[in-house]
Amino acid sequence: MKRPVLIIMCVCCAISSCIKEDRSDCPCYLSVDLSQIEIEYIDKVDLVMSASDVSEAQWISVERSFIGDTLVVPVKRREFDLCAWGNLKGSQVDTHTNSIISADRPDSLWSSYHHVSARCEDAYVKVTPQRRFIPVTIIVRGMISSVVDIEPVLTQVSSGFDFNGNPAGKLAVTHPKLTHTPDSEADYYTFESLLLNQPSATDAGLELTYSSGGRERRTSYPLGRMLLEEGEDISLANGNPVVVDLVLGQGNIFLTIEIEQWQAHDVIDITF
Numbered sequence: 001m002k003r004p005v006l007i008i009m010c011v012c013c014a015i016s017s018c019i020k021e022d023r024s025d026c027p028c029y030l031s032v033d034l035s036q037i038e039i040e041y042i043d044k045v046d047l048v049m050s051a052s053d054v055s056e057a058q059w060i061s062v063e064r065s066f067i068g069d070t071l072v073v074p075v076k077r078r079e080f081d082l083c084a085w086g087n088l089k090g091s092q093v094d095t096h097t098n099s100i101i102s103a104d105r106p107d108s109l110w111s112s113y114h115h116v117s118a119r120c121e122d123a124y125v126k127v128t129p130q131r132r133f134i135p136v137t138i139i140v141r142g143m144i145s146s147v148v149d150i151e152p153v154l155t156q157v158s159s160g161f162d163f164n165g166n167p168a169g170k171l172a173v174t175h176p177k178l179t180h181t182p183d184s185e186a187d188y189y190t191f192e193s194l195l196l197n198q199p200s201a202t203d204a205g206l207e208l209t210y211s212s213g214g215r216e217r218r219t220s221y222p223l224g225r226m227l228l229e230e231g232e233d234i235s236l237a238n239g240n241p242v243v244v245d246l247v248l249g250q251g252n253i254f255l256t257i258e259i260e261q262w263q264a265h266d267v268i269d270i271t272f
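Under the working numbering, the residues of the sequence shown are numbered 1 to 272, in order.
1. Quick check on the DSSP output: what are the complete beta strand (DSSP E) runs of length 3 or more inside the segment 71–106, in order along the chain?
2. Determine the burial state of S111: buried for a count of at least 16 other Cβ atoms within 10 Å of its Cβ, exposed for fewer.
3. Measure from the alpha carbon of S184 to the alpha carbon of each residue in M143, K126 and L194, then state which is nearest.
4. Return the Cβ separation of N240 and I259 in integer angstroms, given the expectation that the two are a contact with Cβ distance under 8 Å.
5. CA-CA distance, Q288 and L208?
6. Mapping DSSP to helix, strand and coil, what is S65?
7. Just verifying my parser: in three-state terms, what is the DSSP assignment at G224?
8. Tell me which residue opens and which closes the beta strand (DSSP E) that R141 is part of.
9. Have a look at the DSSP bridge pairing and note the partners of I268.
10. I need the boundaries of the beta strand (DSSP E) containing C28, first residue and last residue.
11. Buried or exposed: where does E232 fall if 16 or more other Cβ atoms within 10 Å of its Cβ makes it buried?
12. Please confirm if the segment 191–208 is in contact with the segment 145–162, defined as three or more CB-CB distances below 8 Å between the two stretches.
13. What do you reckon, are the CB atoms on R273 and A51 nearer than 8 Å?
14. By Cβ distance, which residues of its chain are closer than 6 Å to D266, with the 5 residues on each side in sequence left out?
15. Look at the alpha carbon of P27 and the alpha carbon of E121, and state the distance between them as a whole number of angstroms.
16. Only counting the same chain, and skipping five residues up and downstream in sequence, which positions put a Cβ closer than 6 Å to that of S145?
17. Would you decide whether I37 is buried or exposed? Buried here means 16 or more other CB atoms lie within 10 Å of its CB.
18. Could you tell me which of V48, L30 and R218 sits nearest to V125, measuring between CA atoms?
19. Is the CB-CB distance between Q130 and P167 below 8 Å?
20. For Y113, count the other beta carbons within 10 Å of its own beta carbon; 16 or more makes it buried, fewer makes it exposed. Which is it?
21. Compute the distance between the beta-carbons of I134 and L246, then report whether it is under 8 Å.
22. Quick one: residues in its chain with C-beta nearer than 7 Å to the C-beta of G249, no 5 flanking neighbours on either side, listed in chain order?
23. Could you give the residue range of the beta strand (DSSP E) that holds E156?
24. Would A118 and F66 qualify as a contact pair, given that the criterion is a beta-carbon distance under 8 Å?
25. Please go through the segment 163–228 and give each complete beta strand (DSSP E) segment of 3 or more residues, from N-terminal end onward.
26. When burial is assigned at 16 or more other CB atoms within 10 Å of the CB, is Y41 buried or exposed?
27. Out of M49, L227, I253 and T128, which one is the CA nearest neighbour of N98?
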């Protein structure tokens, strides 16, 4: 078992202020158990502590070598919210709105929320991280030999999260990354992206544009609504990876959505 690590925060009460007769100014020692975090998936951890009586949240960036330990953090004796965030890297932290704004290509975010009552000498929380993103793979194949400038776009209601892990933000546009180009006429394109948890399960969408015969063609599909109809709620954490298979035809696209053991199909008209 790893030894607990003591972290001193600037917001903590000085231990020297404690006196035997009155311990109200003494800190509460909060043990934050990080033993459930798998370094294979989460290699950066930030702790965010916020309460209604402070204007800005307090942050602790956990060193990678401490992941898996129990951190002992002296905190003020009060009620507050603690959220452990994993993999905050490209995202921006906005302390004015108490939110985490995702980049164009979202981080693979994980979080664990806890309401903490730190009114006694000791308190304990066990961080149990939940995935806040859904891996999305988009395959484009079919009549692609005369197609150029293929670009899928994911629209997301949530461009980020508040400090306590709730989806929040404005409409965001995500451009999936091209990871495979055709090696032959019968081959395919592959794009990869992440879809963040959404406040609404039905508002996420997929759009595909490309040029063929000198004309731009465009089609869109209500991805979030279709997933919900099949029982996959992207407003919840720990969603399953999604594969979207688009087969280009002359005037339409045959679409297949695949998640774990099920598939759903549809035909989409192409507009010009």
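Glycine is no exception: its CB is placed at the ideal position from the N, C-alpha and C atoms.
Based on what the coordinates show:
1. As far as the segment 71–106 is concerned, its whole beta strand (DSSP E) runs of at least 3 residues are 79–86, 92–94 and 99–101.
2. As a first step, residue 111 must be located in the sequence shown, where it is residue number 111. S111 is buried by the Cβ-count criterion.
3. Residue numbering aside, residue 184 sits at position 184 when the sequence shown is read from its first letter. Looking at the Cα atoms, M143 is the closest of the given residues.
4. Numbered from 1 along the sequence shown, position 240 holds the residue referred to as residue 240. Numbered from 1 along the sequence shown, position 259 holds the residue referred to as residue 259. Confirmed, about 5 Å.
5. Absent from the structure is residue 288, since the part of the chain shown begins at 1 and ends at 272.
6. Locating residue 65 in the sequence shown gives position 65, where the first residue counts as 1. Collapsing the DSSP output to three states places S65 in a helix.
7. To locate residue 224, count along the sequence shown from 1; it is residue 224. In this structure, DSSP gives G224 a helical state, which the three-state scheme calls helix.
8. To locate residue 141, count along the sequence shown from 1; it is residue 141. Segment F133 to G142, the beta strand (DSSP E) holding R141.
9. Within the sequence shown, the letter at position 268 stands for residue 268. Paired residue(s): I253.
10. Counted from its first residue, the sequence shown places residue 28 at position 28. Where C28 is concerned, the enclosing beta strand (DSSP E) stretches over C28 to D33.
11. For this step, residue 232 is matched to residue 232 along the sequence shown. Counting of Cβ neighbours within 10 angstroms places E232 among the buried residues, the total reaching 16 or more.
12. A contact exists between the segment 191–208 and the segment 145–162.
13. Past the edges of the chain, shown from 1 to 272, lies residue 273, and the structure says nothing about it.
14. Translated into positions along the sequence shown, residue 266 becomes position 266. Correct list, in chain order: L255.
15. Looking up residue 27 in the sequence shown gives position 27. Looking up residue 121 in the sequence shown gives position 121. Taken atom to atom, the span from the alpha-carbon of P27 to that of E121 is near 7 Å.
16. Against the sequence shown, residue 145 aligns to sequence position 145. By the criterion of a C-beta distance shorter than 6 Å, S145 is surrounded in its chain by E185, once the five residues flanking it on both sides are discounted.
17. Working through the sequence shown from its first residue, we reach residue 37 at position 37. Classification of I37: buried, given that the 10 Å Cβ count is 16 or more.
18. Translated into the one-based positions of the sequence shown, residue 125 becomes position 125. From the listed residues V48, L30 and R218, the smallest Cα separation to V125 is found for L30.
19. Position 130 of the sequence shown holds residue 130. Position 167 of the sequence shown holds residue 167. Contact check for Q130 against P167 fails: the beta carbons are separated by 8 Å or more.
20. Along the sequence shown, read from residue 1 onward, the residue named residue 113 stands at position 113. With 16 or more other Cβ atoms within 10 Å, it is buried.
21. On the sequence shown, position 134 is the one that residue 134 refers to. On the sequence shown, position 246 is the one that residue 246 refers to. No, Cβ-Cβ distance for I134 and L246 is not below 8 Å.
22. Residue mapping note: residue 249 aligns to position 249 of the sequence shown, counting from 1. Counting only residues of its own chain and dropping the five nearest sequence neighbours on each side, G249 has a CB closer than 7 Å to the CB of G142 and M143.
23. For this step, residue 156 is matched to residue 156 along the sequence shown. Reading the sequence as shown, one finds Gln at residue 156 and not Glu. Start and end: V147 to Q156.
24. Counted from its first residue, the sequence shown places residue 118 at position 118. Counted from its first residue, the sequence shown places residue 66 at position 66. No Cβ-Cβ contact shorter than 8 Å links A118 with F66.
25. Runs found: 172–174, 177–180, 189–196, 205–212 and 215–221.
26. Position 41 of the sequence shown holds residue 41. By the Cβ neighbour-count rule, Y41 is exposed, with fewer than 16 other Cβ atoms within 10 Å of its own.
27. For the purposes of this step, residue 98 is taken as residue 98 along the sequence shown, with counting starting at 1. Measuring from the Cα of N98, the nearest candidate turns out to be M49.
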